[in-house]
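Comments concern the structure below.
See the structure below:
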């Protein structure tokens, strides 16, 4: 509950916010980041999530993890 006179800051639901910042998806993001790091991939920007610099088979695994993240957050249909 908010203190009187204080408002809740609502962040815009951008891809950057969802992938890098949103606390609502922190558990799911932790799994996604772990999957990328297991493949030796960076996770510091939206571009690194969407366009990983790696061999094609690693990119397929990364994108599979990204799709799993979107589904688990119930975002797949909305994006």
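Residue numbers (the numbering used here): 86 to 164.
Cβ atoms here follow ideal geometry from the backbone N, Cα and C, with glycine treated the same way.
From what residue to what residue does the alpha helix (DSSP H) around residue i run?
| i | result |
| --- | --- |
| residue 155 | 141-157 |
| residue 117 | 111-123 |
| residue 133 | 131-135 |
Please report the distance separating the alpha-carbon of residue i from that of residue j.
| i | j | result |
| --- | --- | --- |
| residue 138 | residue 146 | 13 Å |
| residue 153 | residue 102 | 17 Å |
| residue 121 | residue 129 | 11 Å |
| residue 98 | residue 131 | 14 Å |
| residue 159 | residue 111 | 14 Å |
Within 10 angstroms of its Cβ, does residue i collect 16 or more other Cβ (buried), or is it exposed?
| i | result |
| --- | --- |
| residue 161 | exposed |
| residue 142 | exposed |
| residue 134 | buried |
Excluding the 5 residues preceding and the 5 following residue i in the sequence, name in chain order all residues of the same chain whose CB lies nearer than 6 Å to its CB.
| i | result |
| --- | --- |
| residue 107 | none |
For residue i, collect the residues of the same chain with a Cβ closer than 7 Å to its Cβ; drop the 5 residues on either side in sequence, then sort them by chain order.
| i | result |
| --- | --- |
| residue 157 | 113 |
Sorted by chain position, which residues of the same chain lie with C-beta nearer than 8 Å to residue i's C-beta, five sequence neighbours on each side aside?
| i | result |
| --- | --- |
| residue 164 | 100 and 155 |
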